[in-house]
Amino acid sequence: MDAQGFLAALAPAVTDAKARERFLADPKAVLVAAGLDLPEWFTITAREGDSAELTITLPPLFDPDADISDEQLEAVSGGYGETWDRNSNSLIFCCG
Numbered sequence: 052m053d054a055q056g057f058l059a060a061l062a063p064a065v066t067d068a069k070a071r072e073r074f075l076a077d078p079k080a081v082l083v084a085a086g087l088d089l090p091e092w093f094t095i096t097a098r099e100g101d102s103a104e105l106t107i108t109l110p111p112l113f114d115p116d117a118d119i120s121d122e123q124l125e126a127v128s129g130g131y132g133e134t135w136d137r138n139s140n141s142l143i144f145c146c147g
């Protein structure tokens with residue numbers, strides 16, 4: 052799916068109350084149904100607000116030649132983390 056397709060998948064949630072309700076309840080399912088290929092572990096959260104934004108959280112950059120701890124491996128392969136987002140004044144959870 053290209054950027055135009057992505058925006059087309061979002062458009063009904065902006066103009067139709069039932070589509071908006073479906074998107075807020077399960078945004079990943081709506082995007083997958085529209086043709087976006089997402090891995091099972093990828094989490095998408097939708098919320099209502101004054102502006103549209105897309106935030107993608109990446110794990111820390113790892114040196115592929117370095118040994119990593121079991122804790123680090125868990126964090127990138129199915130663990131979780133949380134952080135306070137000062138811009139939205141909310142706690143953001145990231146699950147694998």
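Quick note: to get my numbering, add 51 to the position in the sequence shown (first position is 1). Ideal Cβ placement from N, Cα and C applies to all residues, glycine included.
Buried/exposed call for residue i, threshold 16 Cβ in 10 Å
i: L82; result: buried
i: C146; result: Because the pLDDT at C146 is just 48, under 50, the model does not fix this residue reliably, and the value given afterwards should be weighed accordingly. It counts as exposed.
i: A117; result: exposed
Cβ separation of residue i and residue j, assumed to be a contact under 8 Å, to the nearest whole Å
i: A64; j: F57; result: Rounded, the Cβ-Cβ distance is 12 Å, inconsistent with contact.
i: P78; j: A97; result: 4 Å
Contact set for residue i: own chain, Cβ-Cβ below 6 Å, skip 5 residues either direction
i: A59; result: none
Close beta carbons around residue i, own chain, < 8 Å, minus the five adjacent residues each side
i: G86; result: M52, G56 and A60
i: D67; result: none
Residue of the options minimising C-alpha distance to residue i
i: L105; options: L112, P111 and I95; result: I95
i: I107; options: D77, E99, F93 and A62; result: F93
i: E91; options: A80, G100 and R71; result: A80
i: A76; options: D88, L89, A62 and E99; result: E99
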